[in-house]
Structure formats: C-alpha cells, structure tokens
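**Q**
In our numbering, the protein residues as written are 1 to 118.
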C-alpha cells in the first residue's frame, strides 16, 4: 500500500510542475530606446527586459520613439508609467552577451492595459 501512495505522490508532484504560467497584472515604469526595453515594477526592486511575442508593445514603443524624435536627441530613453498583463520568464540565459542577460528577468507582455506619460 505504501508504494502506491508514494507513486501517486510523485506523479502529483511532477504534474504540478508543468503548469503553464498565466499572465499577471504589472504596474511600473517602462523605459525604451536604442537597445533598451526595461521595466521596473512599482512594488519591487527588479529590472525586467520587456518584450512581446505579439504586437502588445507596438503602440507604446511607437509613442516613445516619437518622443525621442521630437526631443531631437535630448531624451534618448523616455519613460512612461505602464500597466500590462505579462509573464515573468525568470532570469535570462547568457547567450553571446545579449543585452537581456544583463537584467534580473525577462517579461513577456501579452496585453497593455494603460499608459501614462510623466
């Protein structure tokens, strides 16, 4: 009987570790520019490299690119306060010195909810 409980317990544990992560609502400051796509949450001292597998960040990045153009180089890295649903993908692996590997974690944005200029 004990081996059966042990087998069931092990199967349950392995089954729980394979759950897909669901997007979570995040709020904080997003900074964008040449080779920069950094998010700092309001409630923790972490820096995430932000990206999107869909077009979720396109509107925000276009707005910030226009800010860079209008500033004529005086503000090459503008920031906004942003709210979005995203998935924390954890610490990036170091891959030939890619920029995201210098940050605490990767964040995959699935949907932007709100953008506020400072």
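Even glycine gets a Cβ: it sits at the ideal position worked out from N, Cα and C.
Evaluate residue 69 with the Cβ neighbour count: other Cβ atoms within 10 Å of its Cβ, from every protein chain shown; 16 or more gives buried, anything less gives exposed.
**A** Position 69 of the chain shown holds residue 69. Answer is exposed; the Cβ neighbour count stays below 16.
**Q** Could you name the residues of the same chain whose beta carbon sits closer than 6 Å to that of residue 38, not counting the 5 residues immediately before and after it, in chain order?
**A** Walking along the chain shown from the start, residue 38 turns up at place 38. Once the five neighbours on either side are set aside, the close Cβ partners of residue 38 are 31 and 47.
**Q** Quick test of your reading: residue 115 and residue 60, contact by CB under 8 Å. State the CB separation rounded to the nearest angstrom.
**A** Within the chain shown, the letter at position 115 stands for residue 115. Within the chain shown, the letter at position 60 stands for residue 60. That belief holds up - the Cβ atoms of residue 115 and residue 60 are roughly 6 Å apart, short of 8 Å.
**Q** From the DSSP output, in three-state form, read off residue 41 for me.
**A** Mapped onto the chain shown, residue 41 falls at position 41. Strand.
**Q** Taking 8 Å as the limit between beta carbons, can you name the residues of its chain near residue 93, skipping five residues before and five after?
**A** Counted from its first residue, the chain shown places residue 93 at position 93. For residue 93, where only same-chain residues beyond five positions count, the Cβ hits under 8 Å are 101.
**Q** Is residue 21 near residue 87, with beta carbons less than 8 Å apart?
**A** For the purposes of this step, residue 21 is taken as residue 21 along the chain shown, with counting starting at 1. For the purposes of this step, residue 87 is taken as residue 87 along the chain shown, with counting starting at 1. Closer than 8 Å, so yes.
**Q** Identify the residues that DSSP records as bridge partners of residue 108: which are they?
**A** Indexing the chain shown from 1 puts residue 108 at position 108. Answer is 51 and 87, bridged to residue 108.
**Q** Please identify the residue among 33, 41 and 34 whose C-alpha is closest to the C-alpha of residue 25.
**A** Reading the chain shown from its first residue, position 25 is the one you call residue 25. If we check each option's Cα against that of residue 25, 41 comes out closest.
**Q** Helix, strand or coil: which one does DSSP assign to residue 72?
**A** Counting from 1 along the chain shown, the entry for residue 72 is found at position 72. Residue state, collapsed to three classes: coil.
**Q** Between the alpha carbons of residue 109 and residue 98, how many angstroms are there, rounded?
**A** Here residue 109 corresponds to residue number 109 of the chain shown, with the count starting at 1. Here residue 98 corresponds to residue number 98 of the chain shown, with the count starting at 1. Cα to Cα, residue 109 sits roughly 19 Å from residue 98.
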